[in-house]
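A.B. asks: Let me begin by handing over the structure; questions about it come next.
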Amino acid sequence: MLARQRMAPGRTPTSIDFLPFDGELGAPLSVGVESSSLDWSADGSQVLAVTPQGAVLLESKSSTPLALFPGTGMQAASLSPTSRFVSTWQRPPRQGASGSVVEGAERNLRVWRVSSAIEVAAEKKAASGETPLAELLSSCLSEIESAALVLAQSHKAFTRDCWPLVQFSPDDGIAFTRMGNGIQLHETATFRGHGRLSIPGVSSFAVSPAGADRSARVLCAFVAEKSGQPAHAAIHDYEEAFERGGKVDGEGKRLAPVAAPALARKSFFRATSARLSWNRQGTAVLVLAASEVDATNQSYYGEQRLYHLGLPSPHAAGSGEGSQVQLGKEGPVHDVQWSPQGNAFAVVAGYMPARTTLHDARGTPKFDLGTGPFSVVRWDPFGAALALAGIGNLPGDLAFYEIKKTLEAKALGRGRAEN
33 MLARQRMAPG RTPTSIDFLP FDGELGAPLS VGVESSSLDW SADGSQVLAV
83 TPQGAVLLES KSSTPLALFP GTGMQAASLS PTSRFVSTWQ RPPRQGASGS
133 VVEGAERNLR VWRVSSAIEV AAEKKAASGE TPLAELLSSC LSEIESAALV
183 LAQSHKAFTR DCWPLVQFSP DDGIAFTRMG NGIQLHETAT FRGHGRLSIP
233 GVSSFAVSPA GADRSARVLC AFVAEKSGQP AHAAIHDYEE AFERGGKVDG
283 EGKRLAPVAA PALARKSFFR ATSARLSWNR QGTAVLVLAA SEVDATNQSY
333 YGEQRLYHLG LPSPHAAGSG EGSQVQLGKE GPVHDVQWSP QGNAFAVVAG
383 YMPARTTLHD ARGTPKFDLG TGPFSVVRWD PFGAALALAG IGNLPGDLAF
433 YEIKKTLEAK ALGRGRAEN
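Here the sequence shown stands for residues 33 to 451, where the numbers follow my numbering.
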């Protein structure tokens, strides 16, 4: 099943179409909801759509609404790794003339239990007969919130690079939130605090997708440059912090947060934000560091640098050191994406026409795809093909490549998306 968003003039999303695919594309199944973003479940059976009323969970095969997670002004929503939870963020409420807001509305970062929301929807549907489910859900928002909301916090700042603000371990057993000078761990059966990693100045983090083995339960945290001190990214083990969570000392006091030693670390200057991206195996993480100002005065959009951190033994093969990824051309990093196989990544970088290069999992350059008017790179689900696109202010050129196991690329064709 494929999904597409219909765009109105001015590129405003208006609705979703589902396209059945069984060797050939079938007729589109239109879903009459306005959606600004989509997030698929890992198995593709469900899709989460952000709408003006909140986030709607749909069954992808039939496009049937399953649950609603209410919130006006919602900007982002995502499913947890096993689809047991949904995280949402909506704009903080504005104060009225009286200076007051609706009670609880300031807690705009929320986590919902999917099974509870689906139960509310099923009960309402069974009791109402033919009334459309979407209409039913909009009439019981408080009931949904009472049954399904498991965590609510105030979080004013929001950027796409740092989303999701609430992250989960691969089995959804632990949730992570950034709080003050550390990362809070929550045991998801109750969502009570269950340990904390002390990382002073942490700006953003990303949990490794490979945590089935307890020895590989790690996350990468980014600390921005401040007061002349360089920025850094580091990999930390969170298992000890979780094991200490909830325990008390001999006097009945809770144990102090764990000061997390770095398993791998890289320091660098001129970085105020970073996008962190793990490979599928959780053996390496890419850090796309950015600053708002280009020190060379060659770009109005700041500057970006790409770094690679690998886990040390015994967690995985790798040195445990961080290094800057050597790119084929000077200029901004437009996009970087891991292969779904986790054995390689592709980078589009440099002043236009940008250069695209393939690197192995250790960051070593392996193949140069040349230059072109491209700003986006995407892999197919099997890591066997690559697509390049020039979107935004570019004319819409497309290029497609077959990627061999040796990380060599073979051109398949080119095109242009006129609109």
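Glycine included, C-beta positions come from ideal geometry on N, C-alpha and C.
Taking the alpha helix (DSSP H) that residue 177 belongs to, which residues open and close that run?
C.D. replies: Per DSSP, residue 177 belongs to the alpha helix (DSSP H) from 173 to 180.
A.B. asks: Would you kindly work out how many angstroms separate the C-alpha atoms of residue 145 and residue 269, rounded to a whole number?
C.D. replies: Roughly 27 Å separates the two Cα atoms.
A.B. asks: Taking the DSSP output, what are the residues bridged to residue 144?
C.D. replies: Paired residues: 118, 181.
A.B. asks: Quick check on residue 368: does DSSP put it in helix, strand or coil?
C.D. replies: Residue 368: strand per DSSP, three-state reduction.
A.B. asks: According to DSSP, simplified to helix, strand and coil, what is residue 377?
C.D. replies: Three-state DSSP puts residue 377 in a strand.
A.B. asks: Leaving out five residues on either side along the sequence, give the residues of the same chain with a beta carbon under 7 Å from the beta carbon of residue 395.
C.D. replies: For residue 395, where only same-chain residues beyond five positions count, the Cβ hits under 7 Å are 340, 355, 357.
A.B. asks: For the beta strand (DSSP E) containing residue 225, name the first residue and the last one.
C.D. replies: 224 to 230 is the extent of the beta strand (DSSP E) around residue 225.
A.B. asks: With a Cβ-Cβ cutoff of 9 Å, do residue 80 and residue 118 count as a contact?
C.D. replies: Yes, they are a contact pair.
A.B. asks: Measuring alpha carbon to alpha carbon, tell me which of 375, 432, 308, 377 ends up nearest residue 266.
C.D. replies: Closest option to residue 266, Cα to Cα, is 308.
A.B. asks: Per DSSP, residue 321 forms a beta bridge with which residues?
C.D. replies: Residue 321 pairs with 306, 337.
A.B. asks: How many whole angstroms separate the CB atoms of residue 432 and residue 449, which I take to be in contact at a CB cut-off of 8 Å?
C.D. replies: Not a contact, Cβ separation roughly 13 Å.
A.B. asks: Does the distance from the C-beta atom of residue 302 to that of residue 335 stay below 9 Å?
C.D. replies: Yes, Cβ-Cβ distance for residue 302 and residue 335 is below 9 Å.
A.B. asks: Within the same chain, show all residues whose beta-carbon is closer than 8 Å to that of residue 380, passing over the 5 residues directly before and after it, in chain order.
C.D. replies: Counting only Cβ-Cβ distances below 8 Å, and skipping sequence neighbours, we find 365, 366, 367, 368, 386, 387, 388, 406, 407, 408, 409, 420.
A.B. asks: Alpha carbon to alpha carbon, what distance is there between residue 125 and residue 189?
C.D. replies: Each residue's alpha carbon lies about 13 Å from the other.
A.B. asks: Give the DSSP-derived three-state secondary structure of residue 271 in the structure shown.
C.D. replies: Helix.
A.B. asks: Using only the alpha-carbon positions, how far apart do residue 383 and residue 414 sit?
C.D. replies: One C-alpha to the other measures close to 30 Å.
A.B. asks: Could you name the residues that DSSP lists as bridge partners for residue 344?
C.D. replies: Bridge partners of residue 344: none, in fact.
A.B. asks: Closer than 6 Å by C-beta to residue 150: which residues in its own chain qualify, once you throw out the five before and the five after it? Chain order, please.
C.D. replies: Counting only Cβ-Cβ distances below 6 Å, and skipping sequence neighbours, we find 98, 99.
A.B. asks: Pull up the distance between the alpha-carbon of residue 101 and that of residue 371, whole angstroms please.
C.D. replies: Looking at the two C-alpha atoms, the distance is approximately 32 Å.
A.B. asks: Quick one: what does DSSP say residue 423 is sitting in, helix, strand or coil?
C.D. replies: Three-state DSSP puts residue 423 in coil, outside helix and strand.
A.B. asks: Using the DSSP secondary-structure output, state which residues sit across from residue 448 in a beta bridge.
C.D. replies: DSSP, once it has assigned bridges, lists 429 as partnering residue 448.
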